[in-house]
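Visitor: Just so you know, the sequence shown maps onto residues 68 to 1070 in this note's numbering.
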Amino acid sequence: MELKHYSLAANPSWLAQLLKWVNLRPEEGERTWMMFAFYTFVSVGLRWAEDSTVALFLDEYGAGPLPWMYIASAVMGMALVFVYSWLQKVFPLRWVVVAIAPCMVAPLMLLVVLRWGINLPYFSVVVVFLLRLWVDSLYVVNDLNTSIVANQLFNIREIKRTYPLISSGLLIADVISGFSLPWLLSFARLNRVIMIACGVIVMASAILCYLTYQYRSSFPDLPQRLMPQEQASRHRRIQAPLKRYTLQLFAFVGLLQVIGLLVDFQYLQELKTNLGDRELASFLGIFGGIIGLCELGTQWFFSSRLIERFGVFFTAALLPAAVGFVMPGLIGLLYSIPAIQSSAFFWGLVGLKFCDELLRYTFVVSSSPVLYQPIPERIRSRMQALSGGTAEAIATGAAGIIILITMYICGLFVPPTMQKWVFVGETMVVAVACLKVVWLLRSRYVDLLVLSAERGELSAANVGLRAFQQGVVKALEEKGNTADKHSCIELLAQIDPQGAADVLAPILFKLPSDLQRHSLEVMLTTAPTPAHLSEVRWLLERHPDNIDPEVFALALRYVWLADPNPNLSQIEEYLHQRHHSLTRATAAALLLRQGTPLQKIAATKTLRRMLTHKQERERVNGVKALREVVYLQALRIHIPNLLQDESLRVRCAVLEMIASTRMEEYYSALLTALYYKSTRATAMRALVKMENEALNILLQIATNAHKPEVLRMYAWRTIAQICTTEAVETLWLQLESSWGTTRHHILRSLLKIQKQSEMCNLVDKFQQSRVENLIEQELRFLGEIYGAYLDLQPQSILENNQTNQRVKILRDLLQRALTEMEWDIRERILLLLKLLYSPEQMQAAAFNLRSESVVNLAKGLEILEHTVNLPTKSLLLNILDKRSHQEKLSYLLEAKFTEYQQMSVSERLQKMLSLAPFLSDWCLACCFHFAQASRIRLTINEILLALRHPTGFVREAAIAYLSVVSHRVLLELLPKLQKDTHPLVAMQIQELIKKYQFTPKAN
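(1) Give the straight-line distance between the Cα atoms of Leu991 and Phe997, rounded to the nearest whole angstrom.
(2) Cα separation between His585 and Arg895?
(3) Beta-carbon separation of Thr313 and Met450 under 8 Å?
(4) My output table needs one value for Ile1003: the three-state DSSP class, helix, strand or coil.
(5) Just mark Arg522 as buried or exposed, buried being the case when its beta carbon has 16 or more other beta carbons within 10 Å.
(6) Taking only runs of the beta strand (DSSP E) that begin and end inside the region 770-856, which ones reach a length of at least 3 residues, in chain order?
(7) Taking just the CA atoms, how far does Arg837 sit from Ser370?
(8) Can you name the start and end residues of the alpha helix (DSSP H) that Val379 belongs to?
(9) What is the residue span of the alpha helix (DSSP H) that Glu961 lies within?
(10) Just the Cα atoms here: how many angstroms apart are Ser110 and Glu932?
(11) Below 8 Å between beta carbons: does that hold for Thr473 and Val499?
(12) From Asp879, Pro906 and Ala913, pick the residue whose C-alpha is nearest to that of Arg893; which is it?
(13) Determine, using beta carbons only, whether Ala572 and Val618 come nearer to each other than 8 Å.
(14) Short check: CB of Ile461 to CB of Ile138, under 8 Å?
(15) Classify Ala594 as helix, strand or coil using the three-state DSSP reduction.
(16) Which value, in whole angstroms, describes the spacing of the CA atoms of Leu1011 and Gln860?
(17) Give me the Cβ distance between Gln315 and Arg511, rounded to the nearest whole Å; I'm assuming they're in contact under 8 Å.
(18) Nearest by alpha-carbon distance to Glu731: which of Arg873, Thr749, Leu709 and Arg703 is it?
(19) So for Leu996, helix, strand or coil by DSSP?
(20) Do Met136 and Arg199 have their C-beta atoms within less than 8 Å of each other?
(21) So the candidates are Ser214, Phe413 and Leu113; which of them puts its Cα closest to the Cα of Thr340?
(22) Who are the Cβ neighbours of Glu685 in its own chain at under 6 Å, not counting the five residues just before and after it?
(23) Given Val530, which residues of its chain have a CB within under 7 Å of its CB, disregarding the five upstream and five downstream residues?
(24) Go to Trp250, then tell me how far its alpha helix (DSSP H) extends in each direction, as first and last residue.
(25) On the criterion of 16 or more Cβ atoms from any shown chain inside 10 Å, does Thr785 qualify as buried, or is it exposed?
(26) Indicate whether Leu659 and Lys667 have their beta-carbon atoms separated by less than 8 Å.
(27) Reducing DSSP to helix, strand and coil, say where His302 ends up.
(28) Once the 5 residues before and after Val172 are set aside, which same chain residues still bring their CB inside 7 Å of it?
(29) My understanding is that Asn90 touches Val179, with C-beta atoms under 8 Å, so please give their C-beta distance in whole angstroms.
(30) I think Glu375 touches Lys227, with their Cβ atoms under 8 Å apart; what is that distance to the nearest whole Å?
(31) Hey, out of His1034, Ala1024 and Asp948, whose CA is closest to Met1054's CA?
(32) Where do the ends of the alpha helix (DSSP H) carrying Ala761 lie?
(33) Apply the 10 Å Cβ neighbour rule to Phe368 and answer buried if 16 or more other Cβ atoms are within range, or exposed otherwise.
(34) Counting only the same chain and skipping the five closest in sequence on each side, list residues whose C-beta sits under 6 Å from that of Glu1009.
(35) In terms of residue numbering, what span does the alpha helix (DSSP H) encompassing Trp627 cover?
(36) Taking all protein chains shown into account, decide if Tyr853 is buried (16 or more other Cβ within 10 angstroms of its Cβ) or exposed.
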């Protein structure tokens, strides 16, 4: 079946070719064509109605009252948009979108009937005004309705491809209505044309009814007022960024509408001046037909591709840029030519209108629904109605007021020859403002799509130290959560480690014992100074029963280290048995540093008694004291027993002591402790404290493929936590030379460093090029995977049906292993991108890309499109999208990231085994099992490499292959294979020995 699909991709039918031309995918075809048909028919009806009512209006009023029409249209549009939004609260969305067009057509038909039947003075004039007004309102509601339906039917990626084609229905309508209107007018009056238009609109509503019924799962079943509580709380969480984004969308839509109306007013004014009434209607129809053909070609073949390639904001900015700068300059150029000066402004405005319509109904119309996709689905349609529809209505009224004020001012102060240029200048100003709004929208788009608050990390670079220190003191002195106060102390230690003692020492006497302990630990991380001796000594002067033993021991140590002339005899008194074990251990450790020989002997005896004591607390405190001892001397003999102590606390304390005293002979104990969950965290902390000294021993473990996977993973994580320049560079070097799970572990480790770093991202320009090279390397290997997947398709039926069935099962297993490797590579690519771009945005993208929902997948791809700026961005989006292996391979071939030539199954399998270091263990094992079932000859080199593989089931697969293809070689290797310690392999060897009755030779 896959092979058949591949042949179709290679030799597409006319339908597949057509979809490719218009940049559609097969699964989008039905929805797109039905939406296209609906929009085309409804637009034909609206165009006939609009051109007819424009001709009636200009015949009755002329161009002068147009600004009043704009103001009235704005009021009417706003009212209808609010009604439309209210209907969504009362009725399910599917009912609203289907019923709105027939409900809007009914008043239009009524007005036409009234104009026919009633012949009262001035009545016809009023009806003509209402007709024109209602048709304008129909346009607002229809465009809004179509955009909302499209946003429900298509996800954020699909709509970029499909909506340009759907919106081209308006362009088809321009062509049909433009060239058919003069023919209709030849045998029907304008009133009859309007009635025919209403009938076409009702017919289009029937298509929409069928479409929404077929895809009713895309529409919410309940009105918006019956919103689930969970969705309501989610909406409240994003209310602030959503409000900002909606206001900017409101401004964008409004400014575009103002630009259109300013251009439209100037254009119609010139038409009225230069053409008669009947000529005007015909000119409008022919002009609409011509521009419709141009728009149609642009929309079908360029619009969706331009949006996908350059993004929605580039295309949205084309209209204000062209209308605001290019076309006014062209009008000025034509006006400066004396031969055509009399008609230059007329044709210049025709060109300006042509440019406005071409860009508005191609790129802008195609881009605008995408801008609403970041808004949560549940409130999207209502926000679209309020933001889009209301903005257009208000902008229409504002444009009318601007035109009236401009005409009034021009009549008083501007010469008649210059009045036209005032409107051109206003258009340019509004266009510049629109470009500014597009820039602001672009910055908010991905933030809202990610739905993450902008949480900056505190650091010394962006926080005032004095104000921060005062805040810490205030937080510690006031009543509050103890956990929050511990966090304050920890944050202070990270931001200002040198000044932490100056902040904490003066308030030690006010703090509870647990905060005193934490504060003293922070103060001891830097060299203790005599400046704070008095505050710390106060803790030692208190009665022992009134102070926590751990606080007392820390204070004793601080005073000893800070005092230039410590009282050794006073410290010796603390060795007495009446004192707490922690105090005795601390005093003994301090005396071993600088005491007299007799004091050192006494301290050693004290510690020996503690290390061999029956009570766990005594042993733990004794081991803790050893961290501060410079020379362990006779106490070393107790360490092996302490490492085997029954108490976990004792063993963990020994591990920390080994790292603190740099006891190289026991470093292996630290590495062994990484393997066990109970001691892992302690071992990691201990190794991190050793910094660069631990790098080599950790690297030996991390790069040893024969070590357990969990041990290697935590070795990489520990290297990352060391976080020195040497450790980071080690990770980068290993990242470039590693593959598979090892690369995955290193990437995770680098990202841990990035998360803890104060830098915006971890990579400089040199390292960025490293990341780009790694991404390209992953893409190249993907090409090999896709090539293998295509070549390992079902072959001709073998004679032995049972054998054929086994081959089929193993082939399926191998293809599944290839698919799993593809997913692993996708994950590594996303991790690599996290090194280059915002972790929050990349995390949101990765989360959505892992989803089975096509809507979430589209959101993830959209985030990537607006975040990633690599040369391979387009290729990455296609690879991460849900496309077939054939399509993805064709993209890689087009980008020259791989070479593909169809191979036989045996050739492809041998090619894969030549890439064994890049294959996953499971995929490698599947290769040998498939080769065994298919009787494919492999080289001795490939077999020997698999027999030495660190993973047991890979060795098992290689032995199973040998047992079928070469009994002689297997019998020669059995003596060596018997030594394998893996249970799976050992069991297999025993079975083979029984099968072949093999007797090992005596040594």
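Where is the CB? At the ideal position from N, CA and C, for every residue including glycine.
Guide: According to the data block:
(1) Locating residue 991 in the sequence shown gives position 924, where the first residue counts as 1. Locating residue 997 in the sequence shown gives position 930, where the first residue counts as 1. About 10 Å.
(2) Taking the sequence shown and counting its residues from 1, the one referred to as residue 585 is at position 518. Taking the sequence shown and counting its residues from 1, the one referred to as residue 895 is at position 828. Rounded to whole angstroms, His585 to Arg895 spans 39 Å at the Cα level.
(3) As a working mapping, residue 313 is identified with position 246 in the sequence shown. As a working mapping, residue 450 is identified with position 383 in the sequence shown. Yes, the pair counts as a contact, with Cβ atoms nearer than the cut-off.
(4) Counting from 1 along the sequence shown, the entry for residue 1003 is found at position 936. Note: Ile1003 maps to coil in three-state DSSP.
(5) Taking the first residue of the sequence shown as position 1, residue 522 is located at position 455. Low per-residue confidence applies at Arg522: pLDDT is 34, beneath 50, and the placement is therefore not dependable, though the value from the model is reported in the following sentence. Arg522 should be labelled exposed.
(6) none
(7) As a working note, residue 370 is residue 303 in the sequence shown. As a working note, residue 837 is residue 770 in the sequence shown. Cα-Cα distance, rounded: 35 Å.
(8) For the purposes of this step, residue 379 is identified with residue 312 of the sequence shown, where counting begins at 1. Looking at the DSSP string, the run of the alpha helix (DSSP H) that includes Val379 is Val379 to Ala388.
(9) As a first step, residue 961 is located in the sequence shown; it is residue number 894 there, counting from the start. Element bounds for Glu961: His952 to Glu961.
(10) As a first step, residue 110 must be located in the sequence shown, where it is residue number 43. As a first step, residue 932 must be located in the sequence shown, where it is residue number 865. Near 33 Å, if we compare the C-alpha coordinates of Glu932 and Ser110.
(11) As a position in the sequence shown, residue 473 is number 406, starting the count at 1. As a position in the sequence shown, residue 499 is number 432, starting the count at 1. For Thr473 and Val499, no; Cβs fall outside 8 Å.
(12) What you label residue 893 is simply residue 826 of the sequence shown in a count that begins at 1. Selected option, being the one with the closest Cα: Ala913.
(13) Position 505 of the sequence shown, counted from the start, is the residue given in the question as residue 572. Position 551 of the sequence shown, counted from the start, is the residue given in the question as residue 618. Going by C-beta atoms, Ala572 is not nearer than 8 Å to Val618.
(14) Numbered from its first residue, the sequence shown carries residue 461 at position 394. Numbered from its first residue, the sequence shown carries residue 138 at position 71. Not closer than 8 Å, so no.
(15) Locating residue 594 in the sequence shown gives position 527, counting from the first residue. Coil, per DSSP.
(16) Indexing the sequence shown from 1 puts residue 1011 at position 944. Indexing the sequence shown from 1 puts residue 860 at position 793. When rounded, the distance between both Cα atoms is 28 Å.
(17) Mapped onto the sequence shown, residue 315 falls at position 248. Mapped onto the sequence shown, residue 511 falls at position 444. Contact flag correct, Cβ pair sits at about 6 Å.
(18) Locating residue 731 in the sequence shown gives position 664, counting from the first residue. Measuring from the Cα of Glu731, the nearest candidate turns out to be Arg703.
(19) Within the sequence shown, residue 996 is the residue found at index 929, counting from 1. In the sequence under discussion, the amino acid at residue 996 is His, which differs from the Leu named in the question. Reduced to three states, the DSSP call for His996 is helix.
(20) Here residue 136 refers to the residue found at position 69 when the sequence shown is read from its first residue. Here residue 199 refers to the residue found at position 132 when the sequence shown is read from its first residue. In terms of Cβ geometry, Met136 and Arg199 form a close pair [threshold 8 Å].
(21) The residue you call residue 340 lines up with position 273 of the sequence shown. Residue Phe413 is the option with its Cα nearest to Thr340.
(22) The sequence position of residue 685 within the sequence shown is 618, counting from 1. Cβ within range, chain order: Ser648 and Met677.
(23) Here the question's residue 530 lines up with position 463 in the sequence shown. Because Val530 sits at a pLDDT of 44, beneath the cut-off of 50, its placement in the model cannot be relied upon, and the point is left open.
(24) Sequence index remark: in the sequence shown, residue 250 carries index 183 (1-based). Looking at the DSSP string, the run of the alpha helix (DSSP H) that includes Trp250 is Glu225 to Leu252.
(25) Residue mapping note: residue 785 aligns to position 718 of the sequence shown, counting from 1. Classification of Thr785: buried, given that the 10 Å Cβ count is 16 or more.
(26) Along the sequence shown, read from residue 1 onward, the residue named residue 659 stands at position 592. Along the sequence shown, read from residue 1 onward, the residue named residue 667 stands at position 600. Yes. Within cutoff.
(27) Counting from one through the sequence shown, the residue named residue 302 turns up at place 235. Residue confidence for His302 is low, a pLDDT of 49 falling below 50, so the modelled location carries little weight; the figure read from the coordinates is stated next. In the structure shown, His302 sits in a helix (DSSP, three-state: H, G or I).
(28) By one-based count along the sequence shown, residue 172 stands at place 105. So the qualifying residues of the chain are Cys265, Ile268 and Val269.
(29) Within the sequence shown, the letter at position 23 stands for residue 90. Within the sequence shown, the letter at position 112 stands for residue 179. Contact flag wrong, Cβ pair sits at about 41 Å.
(30) Counting from 1 along the sequence shown, the entry for residue 375 is found at position 308. Counting from 1 along the sequence shown, the entry for residue 227 is found at position 160. That pair is a contact at about 6 Å.
(31) Along the sequence shown, read from residue 1 onward, the residue named residue 1054 stands at position 987. Checking every option, the nearest Cα to that of Met1054 belongs to Ala1024.
(32) Looking up residue 761 in the sequence shown gives position 694. That residue, Ala761, is in no alpha helix (DSSP H); it is neither H nor E in DSSP.
(33) Working through the sequence shown from its first residue, we reach residue 368 at position 301. By the Cβ neighbour-count rule, Phe368 is exposed, with fewer than 16 other Cβ atoms within 10 Å of its own.
(34) Mapped onto the sequence shown, residue 1009 falls at position 942. Cβ neighbours of Glu1009 beyond the five flanking positions: Leu980.
(35) Taking the sequence shown and counting its residues from 1, one reaches residue 627 at position 560. Segment Pro616 to Ala629, the alpha helix (DSSP H) holding Trp627.
(36) Position 786 of the sequence shown holds residue 853. Buried: at least 16 other Cβ atoms inside 10 Å.
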